[in-house]
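Student:
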């Protein structure tokens, strides 16, 4: 998302796996379930939903995350909603999920947005519901 | 005057509600989550608008009308840009109650058919008492 629309490449091949960060606790349910909330698109996400080429890329723009999920590009393209997974030509690790209906405040495409979000959640696999990457545990104190 | 007789094997239970109504911890969990929903930072993206206390109170009033209470057992409360959403999922059915503002209740129903086809209907204006019959559909 930004003021200048990103330059998008052609849709990625179907055999690629992409990653979506959980930006809120409500995007997933423990032990490992992706919830439709992970794919709600707010009106200010003008270009689409951000995905990453790697798990680290998916979470890199977030100050805090609640884990991430993986999803097959082919599975997304096979959904009957015209969704497309396109690379950001200016950032090799950034990918956009295009044509996701906006989850409008009061009118608009709320019904279809909810259906699409539910379908995306069902084809996604929660890889972790914890902060990623895992924080290193503090070392035990050594005797000086 | 009618004679009052007590049969030998009569039940003397004083319970006034059916056993299935007795889920106090479940009810408590749902309402505790609702009560603290505006202050739970983990539910929001940075700068995301939070539900007003009036919307939270409206959600509380709607959920209090849900009967039988065990319907609340599977309710998942979430937020999205100032709205409160209450989600239910059971087998191939899904129900989402949207509470975007005081006095407003919208309901989304979803059914995944055996061939994998997904159907949905969005009711843009629902009276709180009607939620019970929609939940009955979900649990049927």
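Chains as they are written, first to last, in my numbering: chain A, 4 to 147; chain B, 2 to 141. Quick reminder that beta carbons are idealized off the backbone N, C-alpha and C, glycines included. Since the model is a prediction, treat every value here as computed from it, not as a measurement.
Please name the residues in the segment 43-57 of chain B whose beta-carbon is closer than 9 Å to at least one beta-carbon of chain A, in chain order.
Tutor: Answer in chain order: 43, 44, 45, 46, 47, 49.
Student: Could you tell me whether the segment 118-134 of chain B touches the segment 74-82 of chain B, where touching means 3 or more Cβ pairs closer than 8 Å?
Tutor: Result no; under three Cβ-Cβ pairs closer than 8 Å.
Student: Whose Cβ in chain B lies nearer than 9 Å to the Cβ of residue 106(A)?
Tutor: The answer, in chain order, is 81, 82.
Student: I want to see whether chain B comes within less than 9 Å of residue 39(A), judged by CB atoms only; does it?
Tutor: Cβ-Cβ to chain B under 9 Å: yes for residue 39(A).
Student: Exposed or buried, what is residue 17(A) when buried is set at 16 or more other beta-carbons lying within 10 Å of its beta-carbon?
Tutor: It is exposed - the Cβ of residue 17(A) has fewer than 16 other Cβ atoms within 10 Å.
Student: At the level of alpha carbons, what is the spacing between residue 56(A) and residue 68(B)?
Tutor: If I take the Cα positions, the gap works out to 46 Å.
Student: Confirm, please, whether the CB-CB distance from residue 14(A) to residue 123(A) is below 9 Å.
Tutor: In this structure, residue 14(A) does not lie closer than 9 Å to residue 123(A) by Cβ.
Student: Along the chain, where does the alpha helix (DSSP H) that runs through residue 54(B) open and close?
Tutor: Its alpha helix (DSSP H) spans residues 54-65.
Student: When you compare the CB of residue 119(B) with every CB in chain A, is at least one pair closer than 9 Å?
Tutor: Taking Cβ atoms only, chain A reaches closer than 9 Å to residue 119(B), which makes this a yes.
Student: Report the neighbours of residue 69(A) on chain B: residues whose CB is nearer than 8 Å to its CB, in chain order.
Tutor: 43, listed in chain order.
Student: Assuming residue 127(A) and residue 73(A) form a contact by the criterion Cβ under 8 Å, report the distance between their Cβ atoms to the nearest whole angstrom.
Tutor: Correct: roughly 7 Å between the Cβ atoms.
Student: Can you give me the C-alpha to C-alpha distance between residue 88(B) and residue 97(B), rounded to a whole angstrom?
Tutor: Cα to Cα, residue 88(B) sits roughly 5 Å from residue 97(B).
Student: With a CB to CB cut of under 8 Å and the five nearest residues on each side skipped, what residues in its chain are close to residue 67(A)?
Tutor: Counting only Cβ-Cβ distances below 8 Å, and skipping sequence neighbours, we find 134.
Student: Output needed for residue 132(A): all residues of its chain with C-beta closer than 6 Å, excluding positions within five of it in sequence on either side, in chain order.
Tutor: Cβ neighbours of residue 132(A) beyond the five flanking positions: 31, 33, 70.
Student: Threshold first: 4 residues or longer. Then list the alpha helix (DSSP H) segments lying entirely within the segment 33-105 of chain A, N to C.
Tutor: Segments of the alpha helix (DSSP H) lying fully in the segment 33-105 of chain A: 58-62, 76-81.
Student: Going by alpha carbons, who is nearest to residue 128(B) out of 32(B), 106(B), 52(B), 60(B)?
Tutor: Among 32(B), 106(B), 52(B), 60(B), the Cα nearest to that of residue 128(B) belongs to 106(B).
Student: In this structure, does DSSP put residue 135(A) in helix, strand or coil?
Tutor: In the structure shown, residue 135(A) sits in coil (DSSP, three-state: anything other than H, G, I, E or B).
Student: Give the secondary structure of residue 116(A) by DSSP, where H, G and I count as helix, E and B as strand, and everything else as coil.
Tutor: Reduced to three states, the DSSP call for residue 116(A) is helix.
Student: Could you tell me whether the Cβ of residue 5(A) comes closer than 9 Å to any Cβ of chain B?
Tutor: Reliability fails at residue 5(A), whose pLDDT of 49 lies under 50, so the model's placement of it is uncertain and the value that follows must be treated cautiously. No, residue 5(A) lies away from the interface with chain B (no Cβ there is under 9 Å from its Cβ).
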